[in-house]
Each structure stands twice: as structure tokens, then as C-alpha cells.
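A.B. asks: First the structure, which I've put down as C-alpha cells, then a few questions once you've had a look.
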Amino acid sequence: MDFPDQDLFILLDRYLAGEASAAEAAAVRNWLADDSAHAALLEDLRMIKRVAAERPPDSSADTAWAKALDQLQSATAPRSITWRVVPPHPAATPRASRGPVWVGLAAVVVLALVGGVLWRTQPWREFATDAAHRLVIRLRDGTQVTLAPRSRLRYQADYGDTRRDLHLEGQAYFRVAHDAVRPFRVHTRGSVAEALGTAFAVSAYVDQLATEVVVTQGRVALWQADTAPRTAAPQPGAQPALMLAAGDLGRLDPSGAATIQRGVDVERYVAWTRGVLVFDGTPLGEVALVLERWYDVDIHLADSALGVRRLTATFRDEPLDLVLARIALTLGLRVERTDRSVLLVRKRR
Amino acid sequence: MPLKSSFAKEPEIAFGDVSTDADERAWVDRVRAGDVDAFEALYRTYWQRLYAFAFRYVHSKEDAEEVAQEVFFRIWRRRAHWVLAGAVRNYLYLAVRNAARDRLERAAVARRWLVGQVETAPEVQPELEAAEFAATVERALAELPPKRSAVCKLRLIDGLSYAQIADRLGICEKTVETQLARGLKALRDQIRQAR
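Following this line, the structure appears as C-alpha cells:
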């Protein structure tokens, strides 16, 4: 018996998993009897499955790199930031999406003029999360993005060629690979956060007015969307709305109002990347919004006055029932539930 | 009726853009010049894969981590002379394979010395063959194109059904089947090549 490859492999996969019907199992046995080479194939697949299932325990790249850095520092001079201007290099492998090869500094200027047109036809890539889903995305240049629930990240296929531009709705934590030549920018609805090699979180949900940026490492320039420089060379007189360093929390709203808080507890703002939700005097209305994103549930408050009650609590990867119970206990509320929604009500004494 | 109360699930590594060999060569050039950031990019991009590959030989998390760390450290120490003949990926896997086998050999020698036996080469062979097989599968699985790799891992490691995989990755079952079939075929081809 001969199967087209795809059907065969699926059949054998189901057979080995014990999911084959009686008829399918019989078909496999016939196929085995046809040719001794078939038995070898089945055995190989069986071995592959067994080996794959014995997966190695996870090992944290963060921890490993921290150790390596220690070793490095004793083996090398302290790191300093070197600024070099390097012309865009020609690709070793041809890519249909690349334009002609440019050489020299002139390239940067020409790109500034032509960039908008040349690259408009680049296809877009998109990652989106539902409620109760996080996603970690690794980009070509080594940058790592942790996307919170109900968020969307978009970028063009030429990301990393001469510049690195991402578009975000929702919330994400960025660990940016250092590249002095290719500026890294996160665009939200009303602002642009620009960084070199840093780590920072951006919060710009659709139901938020302002964009919030918290920097855990390095520096970030926060621009209003229409004033942000389009190229690596800023126009004279252009100023970012805010310059943020590690420990700073910046807020920029569409009207241009910018505020900055220095020395914040950054842990609180990025704990979600590790599955921890931190509320610190947070209005219940906002708590409800956050829980809805992380637990894929509808939460209603029985009356609008409840929305301003404040909650201070930390939840570590706990089931929703427990979270609600704790909130109810802390604020003197009662939890009423239907199929997929929750109602928080004042307790009657 | 219980609410669906699971917290935002453990993040999966999305099938984002993988670095191309050209990207990685650019990092190598920068490493040669002493650029720590480029070294970090390489480190982070390859850590999981190389560690898991080493694990298939040494069967211990600590040892596997040490093997991978050692390989990277050696690269850094001799960075000024780091020349590559082929793809960066091949160099790294080969270096880890050699380092892991060295470690196994040293452990075998130590055992022999302790026990006072003279262990002949063939006795070590089956263990090493099994390790090579597992390592080949590990590498082949990791190096599949991202979507295919994700589908195969969910099926082979987590044992999910096609429907569950489709749901988890937001694709249709037909695509799951296609990707799984192609992945299995690729894995099988790899192990045949390695024999």
C-alpha cells in the first residue's frame, strides 16, 4: 500500500499515539507487511517520539547570561559604548525585499528622503494575544518582546535592516538588543518611545488615554507621535516630550501632557511578565479591567461608586476564584457569578 | 458552574522572526571586535538550544549548562581569532557536541580509574549512540521553521491533540496535520542522514 507522505505520517503518528481506529490500525499493519523498510520507518518514528518526550528541564537564558557576564568582566576591559557609523551592509544572502546596495554615509541621507516611499510596500507581520494569553516574541536582531494579554504588536518585514520600528496596542515588555546604528522605536497611538539597548515596558491599551513607559534599564526618549524623528538624525529643535532613565515612569497623553515619576518600584510594573499582578492603591475600576485581560472573564461593578475604592494586593498566578475572594474580603464585597461573568456587590450588613 | 479561571498562560515563544545566518555573521564580526552586546545576542539566541543539545549527552542540567557556558566562554576568550568556515549555527552545535563528548569521555575515564577496570571502547559506544540520536532529534526539532517546530513540540512533548494544538496556536487542524507531517518527515530524514 502506498500513501502520499502527509497522510502516511499522520496515520503513523495517530497509530503510535493509540488514536487510530480499528480500520486505520489494520491499514498500518498491512502497510508494514508490504515492505521491511516500512517497519524501519515506524520504528524511527517511535524512537523520535520517545526521545522528544524526554525533554530536558528548562534552563534560564537570563541566569546563564548573568553568569557569563561575570566571567567576561574578569576576562575583558569594562564595557564602554562605542559609536561607529557603519554603512548598511550588503546582504550575504539575496533577499527580494532589499533595495539596491548602498555604500557610505550618503546612504543615510538618501534613505531619509526616499525611505517613506521605498518601504511602504513592505508586508506587515503581526502578533496578537487574547485575554488570558501572554506571548514572548523573539525578533531577528535578538530583541525579546513579552506581550501582555489583549495586545497587538505589528512591524514590517524589513525590521532590522536599517531601523527597528514596532507598533503596539496594549502592553508589552521590551528587552532591546543593543545596536547603535539601528534606532529602536515603539509606536503607540499617540507616542513613540525610542531606545538604544535597554529594557522597558510600554502600556497603551485602547481604553487608556495616555501611553505609559517604565524603564528598567538604559534610557528611553518618549516623543509625541507627530514630532518623532523619522530617521536616525533628529531635526534641529525637535525635542522628545520626556527623557526617561532606569526607574522612571513616564506618561504622555494625546494632548501632549507629559508627566514623569522618578524612582518608582519598577518591579511592580513588570511583575506581570512573571505572572504576578501587583495593585498598589489601584482603583477597583482599573483592577477589574486588568483582571478581565488576564483571566478572560467579564467583571462588573454593581454601582459606579465602587469603581473608586482602592485595592492594594499582589497576586501570584492564582486561580480567579481566590483572587476574587481576597478582593471581596479586603473591600467588604460579595461576589456573584454567572456563566462567564462576575459581579461585585456591596455586602449588606 | 466554574468560571474559566486560568491565569494568563505561561508565555510561549512565538514564531517571531528568527535571525538569519547573515544576521548571525554580523554578530560574529562584532564579537571578533569585542562587542559584548553582539555576544549577548548570540548567547540569548542560542542558549536554550545548545543547552538542550548538551543535555542529551550529559543527562544533567548542571553539566549541560556548564558545557554550554564553557563553549561560549572559549569563544569569547579567543574572539579575536574567531573565523567561521560555514554557518554560525553549525559551528556552535559542533563545538557543544565536542565539549559534551569530551566531558563524557573524561567521566568514563574517571569511572574506570575508580573502579580499576579496563573498559573497552565498545562498551561506551551504545550510550554514546543513544546520546547522538537524542541530540540529533533535539537539534532537528529546534531548527524546524518556527511554526512547524511549535506544532511538533506541542504534539511530541506535550502530547496535545490536533484540535488542541490548532486552538493553542490559532491555526486550523488541516494546517496542524500538514505541519506535523512535514516535521516528522524532516526529523526522520535527519536521523537517517546522521546514521
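Here the protein sequences come in this chain order: A and B.
Mapping the first sequence onto the numbering used here, position 24 (from 1) lands on 40, and the numbers just tick up by one.
Mapping the second sequence onto the numbering used here, position 193 (from 1) lands on 251, and the numbers just tick up by one.
Beta carbons: idealized from backbone N, C-alpha and C, even for Gly.
As the structure is a prediction and not an experimental result, all values here were calculated from the model.
Does DSSP classify His-183(A) as helix, strand or coil?
C.D. replies: Counted from its first residue, the first sequence places residue 183(A) at position 167. Correct three-state label for His-183(A): strand.
A.B. asks: Residues in the same chain with beta-carbon distance under 7 Å from Ala-239(B), minus the five sequence neighbours each way, listed in chain order, please.
C.D. replies: By one-based count along the second sequence, residue 239(B) stands at place 181. None.
A.B. asks: With DSSP as the reference, please indicate the residues paired to Gly-266(A) in a beta bridge.
C.D. replies: As a position in the first sequence, residue 266(A) is number 250, starting the count at 1. Bridge partners of Gly-266(A): Val-229(A) and Ile-276(A).
A.B. asks: Within the chosen definition, does the segment 186–194 of chain B reach the segment 217–233 of chain B through at least 3 CB pairs nearer than 8 Å?
C.D. replies: No contact exists between the segment 186–194 of chain B and the segment 217–233 of chain B.
A.B. asks: Please list the partners that Trp-81(A) has in chain B, where partner means a Cβ-to-Cβ separation under 9 Å.
C.D. replies: Looking up residue 81(A) in the first sequence gives position 65. Ordered by position in chain B, the residues that pass the 9 Å Cβ test against Trp-81(A) are Glu-98, Tyr-101, Arg-102 and Trp-105.
A.B. asks: For Val-161(A), tell me which candidate among Arg-179(A), Phe-200(A), Pro-139(A) and Asp-177(A) has the shortest Cα-Cα distance.
C.D. replies: Here residue 161(A) is taken as the residue at index 145 of the first sequence, counted from 1. Ranking the options by Cα distance to Val-161(A), first place goes to Phe-200(A).
A.B. asks: At the level of alpha carbons, what is the spacing between Gly-241(B) and Arg-30(A)?
C.D. replies: As a working note, residue 241(B) is residue 183 in the second sequence. As a working note, residue 30(A) is residue 14 in the first sequence. Between Gly-241(B) and Arg-30(A), the C-alpha separation is close to 15 Å.
A.B. asks: Just by C-beta distance, which residues in the segment 205–222 of chain A are closer than 7 Å to chain B?
C.D. replies: Listed in sequence order: Gly-213.
A.B. asks: For the beta strand (DSSP E) that contains Thr-298(A), what are its first and last residues?
C.D. replies: Sequence index remark: in the first sequence, residue 298(A) carries index 282 (1-based). Element bounds for Thr-298(A): 292–299.
A.B. asks: Using a Cβ-Cβ cut-off of 8 Å, state whether Arg-206(B) counts as contacting chain A.
C.D. replies: Reading the second sequence from its first residue, position 148 is the one you call residue 206(B). For Arg-206(B), the answer is no, since every Cβ of chain A falls outside 8 Å of its Cβ.
A.B. asks: Given that Lys-119(B) touches chain A, what residues does it touch there, using C-beta distances under 8 Å?
C.D. replies: Sequence index remark: in the second sequence, residue 119(B) carries index 61 (1-based). Simply Pro-72, Pro-73 and Ser-75.
A.B. asks: Quick check on His-139(B): buried or exposed, where buried means 16 or more other Cβ atoms within 10 Å of its Cβ?
C.D. replies: Within the second sequence, the letter at position 81 stands for residue 139(B). The residue in question, His-139(B), is exposed, as its Cβ has fewer than 16 Cβ neighbours within 10 Å.
A.B. asks: What whole-angstrom Cβ distance do Val-154(B) and Val-125(B) have, given they're in contact under 8 Å?
C.D. replies: Against the second sequence, residue 154(B) aligns to sequence position 96. Against the second sequence, residue 125(B) aligns to sequence position 67. Rounded, the Cβ-Cβ distance is 6 Å, consistent with contact.
A.B. asks: Going by beta carbon distance, what residues of the same chain come within less than 8 Å of Glu-128(B), once the five residues before and after it are set aside?
C.D. replies: Within the second sequence, residue 128(B) is the residue found at index 70, counting from 1. If we look at Glu-128(B) and ignore the five residues flanking it on each side, its Cβ neighbours are Ala-157.
A.B. asks: Report the neighbours of Gln-172(A) on chain B: residues whose CB is nearer than 8 Å to its CB, in chain order.
C.D. replies: What you label residue 172(A) is simply residue 156 of the first sequence in a count that begins at 1. Neighbours of Gln-172(A) on chain B: none; closest Cβ ~11 Å, over 8 Å.
A.B. asks: For a test of the three-state rule: what should DSSP assign to Val-192(A), helix, strand or coil?
C.D. replies: Position 176 of the first sequence, counted from the first residue, corresponds to residue 192(A). Three-state result, Val-192(A): coil.
A.B. asks: What does Ala-122(B) reach in chain A if we use C-beta pairs closer than 8 Å?
C.D. replies: Numbered from its first residue, the second sequence carries residue 122(B) at position 64. Per Cβ cutoff of 8 Å: Pro-72 and Ser-75.
A.B. asks: Strictly below 9 Å CB to CB, what residues from chain B border Asp-21(A)?
C.D. replies: Numbered from 1 along the first sequence, position 5 holds the residue referred to as residue 21(A). Simply Ala-239, Arg-240 and Lys-243.
A.B. asks: When DSSP builds the beta bridges, which residues end up paired with Met-259(A)?
C.D. replies: Indexing the first sequence from 1 puts residue 259(A) at position 243. Answer is Ala-237(A).
A.B. asks: Examine chain B for any beta-carbon lying closer than 8 Å to the beta-carbon of Gln-138(A), and answer yes or no.
C.D. replies: Working through the first sequence from its first residue, we reach residue 138(A) at position 122. No, no contact with chain B.
A.B. asks: Taking the alpha-carbon of Leu-349(A) as reference, which of Asp-337(A), Gly-297(A) and Arg-362(A) has the nearest alpha-carbon?
C.D. replies: Within the first sequence, residue 349(A) is the residue found at index 333, counting from 1. Of the candidates Asp-337(A), Gly-297(A) and Arg-362(A), the one whose C-alpha sits nearest the C-alpha of Leu-349(A) is Arg-362(A).
A.B. asks: Spell out whether any CB of chain B is found under 8 Å from the CB atom of Val-67(A).
C.D. replies: For the purposes of this step, residue 67(A) is taken as the residue at position 51 of the first sequence. It does: the Cβ of Val-67(A) has a partner Cβ on chain B nearer than 8 Å.
A.B. asks: Do you know whose CA, among Ile-343(A), Pro-335(A), Leu-317(A) and Ala-321(A), lies nearest Ala-329(A)'s CA?
C.D. replies: To locate residue 329(A), count along the first sequence from 1; it is residue 313. Considering only alpha carbons, the answer is Ile-343(A).
A.B. asks: Three-state secondary structure (DSSP) at Asp-177(A)?
C.D. replies: Position 161 of the first sequence, counted from the first residue, corresponds to residue 177(A). Coil, per DSSP.
A.B. asks: Does the beta carbon of Ala-193(A) sit closer than 8 Å to a beta carbon anywhere in chain B?
C.D. replies: Along the first sequence, read from residue 1 onward, the residue named residue 193(A) stands at position 177. Judged by the 8 Å Cβ criterion, Ala-193(A) is in contact with chain B.
A.B. asks: Apply the 10 Å Cβ neighbour rule to Arg-111(A) and answer buried if 16 or more other Cβ atoms are within range, or exposed otherwise.
C.D. replies: As a working mapping, residue 111(A) is identified with position 95 in the first sequence. Reliability of the predicted coordinates at Arg-111(A) is poor, the pLDDT of 35 falling under 50, and no value is obtained from them.
A.B. asks: In its own chain, which residues sit with a C-beta less than 8 Å from the C-beta of Asp-355(A), not counting the 5 before and 5 after it?
C.D. replies: For this step, residue 355(A) is matched to residue 339 along the first sequence. Once the five neighbours on either side are set aside, Asp-355(A) has no close Cβ partner at all.
A.B. asks: Since Tyr-115(B) and Arg-170(B) are thought to touch, with beta carbons under 8 Å apart, how far apart are those beta carbons, to the nearest angstrom?
C.D. replies: Taking the first residue of the second sequence as position 1, residue 115(B) is located at position 57. Taking the first residue of the second sequence as position 1, residue 170(B) is located at position 112. 18 Å between Cβ atoms; not a contact.
A.B. asks: Please list the residues of the segment 339–351 of chain A that have a C-beta atom closer than 7 Å to any C-beta atom in chain B, keeping them in chain order.
C.D. replies: Per Cβ criterion, the list is empty.
A.B. asks: At 8 Å on the CB atoms, spell out the chain B contacts of Ile-64(A), in chain order.
C.D. replies: To locate residue 64(A), count along the first sequence from 1; it is residue 48. Residues of chain B passing the Cβ test: Val-195, Leu-214, Leu-242, Leu-245, Arg-246 and Ile-249.
A.B. asks: Determine the direct distance from the alpha carbon of Asp-181(A) to that of Ala-315(B), and round the result to whole angstroms.
C.D. replies: Any property of residue 315(B) remains undetermined from this structure, which presents chain B solely from 59 to 253.
A.B. asks: Which residues bound the beta strand (DSSP E) around Arg-325(A)?
C.D. replies: Working through the first sequence from its first residue, we reach residue 325(A) at position 309. Unbroken run through Arg-325(A): none, as it is neither H nor E.
A.B. asks: Is there a C-beta anywhere in chain A that falls below 8 Å from the one on Asp-225(B)?
C.D. replies: Position 167 of the second sequence, counted from the start, is the residue given in the question as residue 225(B). Taking Cβ atoms only, chain A never reaches closer than 8 Å to Asp-225(B), which makes this a no.
A.B. asks: Assign Gln-160(A) to one of three DSSP states: helix, strand, or coil.
C.D. replies: Here the question's residue 160(A) lines up with position 144 in the first sequence. The answer is strand: DSSP assigns Gln-160(A) an E or B state.
A.B. asks: Given a cut-off of 8 Å, decide if Leu-265(A) and Gln-277(A) are closer than it, judged by their beta-carbon atoms.
C.D. replies: Taking the first residue of the first sequence as 1, we reach residue 277(A) at position 261. Taking the first residue of the first sequence as 1, we reach residue 265(A) at position 249. Cβ atoms of Gln-277(A) and Leu-265(A): closer than 8 Å.
A.B. asks: Taking CB distances under 8 Å as the criterion, tell me whether Asp-181(A) reaches chain B.
C.D. replies: Counting from one through the first sequence, the residue named residue 181(A) turns up at place 165. With 8 Å as the cut-off, Asp-181(A) does not count as an interface residue toward chain B.
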